[in-house]
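Below is one structure; the comments refer to it alone.
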Amino acid sequence: MTDSTTARPAPPAGPPAVAADAPVVLQPRPDLVICEECDAVHQRVPLQPGQTAHCRRCRALLGRGHRVSLPGLLALAIAGLLCFVIGNLTPLVWISVRGAPDPVTLPEALWQTWEAGQPLGAMLAGATAVVFPFLVIALRLYLLWPMSRRRLPQGFMPAMRLLRFATRWSMVEVFMLGALVAVVRAAGLASVVPGPALFAYGVLTMLLTSSSAAGLHRLWQLGSEWQAEQNREAATR
């Protein structure tokens, strides 16, 4: 059973007094968390592994306790990259119609879909099964490689926003479901043998699901804390 807790609302604070012509510099606040659904501000509470924090206003998920370390998340991203390469370079299936088996890779399947007069379907499948999954893996590697060594990567916040957007459009599990249905239906018309790419995408689905289950809240928290430390160090110089 997963323990659940509700984050405490942040205490109200008045705006700092500044001169009329002085520039306003926004400082990171790693002790606060903003609900992504209703923008309510809450005090961040430490979470143990298995616990979750929810917004008091709309009950949306604010964060969860994690068992996987940053090096562990990095290992998942590296394994995902290997599965992605295998899934795009090796045969997805072997199809035999009264002859020698003909290997079909994922790029070839997308091209054949385009040639069959379904360009929209080919573009959607390519975006959700190839482009966005690769973007998710690449961004996770870019972020986790230095963060696992306690270094903040350049462009941390834009990269995190792009990762959040790409994660929403990465639909490898939908592609896997469609591929399995297509293999079963084609088995009645020809001899179809699953290839290594199909198994690689199955493993990739589990890896991306495991990484997504850890969420992005922890990366945001660590990045905000390290950014605040860098700002304090720069201010004391």
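The sequence shown lines up with residues 581 to 817 when you count with our numbering.
Built from N, CA and C at the ideal position, the CB exists for glycine as well.
A707 sits away from W694, with the two beta carbons spaced by 7 Å or more. The beta carbon of I658 sits closer than 8 Å to those of L721, all from its chain and outside the five residues before and after it, given in chain order.
Contact between the region 671 to 681 and the region 772 to 791 is present: three or more C-beta pairs spanning the two stretches fall below 8 Å. Between A746 and the set C663, V761, R644, V710, the nearest pair of CA atoms involves V710.
Beyond the five residues adjoining it in sequence on each side, I614 comes within less than 6 Å, by CB distance, of V621 in the same chain, given in chain order.
For the pair R731 and L796, the Cα-to-Cα distance works out to about 17 Å.
Residue range 797 to 816 is occupied by the alpha helix (DSSP H) that includes Q810.
Along the length of the region 683 to 713, whole alpha helix (DSSP H) runs at least 4 residues long occupy 686 to 695, 699 to 706, reported in chain order.
In the displayed model, P681 falls within coil according to three-state DSSP, outside both helix and strand. Non-local C-beta neighbours of M727 in its own chain, meaning closer than 6 Å and more than five positions away in sequence, comprise L650, ordered along the chain. Distances from the CA of G667 to each of A766, T685, G679, V677 were compared; the closest alpha carbon is that of T685. In this structure, T632 sits near R644, with a CB-CB distance shorter than 7 Å.
A direct Cα-to-Cα measurement between Q810 and V648 gives close to 26 Å. Distance between F712 and Y781, taken at the CA atoms: about 14 Å. Under the 8 Å Cβ criterion, the region 732 to 744 counts as touching the region 793 to 807, having at least three qualifying pairs. The beta carbon of W749 sits closer than 8 Å to the beta carbons of A707, T708, F712 from its chain, once the five residues preceding and following it are set aside; these are given in chain order. In this structure S791 touches L656 by the C-beta definition: roughly 5 Å separates them, less than 8 Å. DSSP places R644 in the uninterrupted beta strand (DSSP E) bounded by 641 to 644. Taken through DSSP and simplified to helix, strand or coil, V613 comes out as strand. Remark: C-beta atoms of V754 and C663 do not approach each other more closely than 7 Å. In the DSSP assignment, T632 falls within the beta strand (DSSP E) that extends over 632 to 634.
Judged by their CB atoms, L642 and C635 are nearer to each other than the 7 Å cut-off. Collapsing the DSSP output to three states places P776 in a helix.
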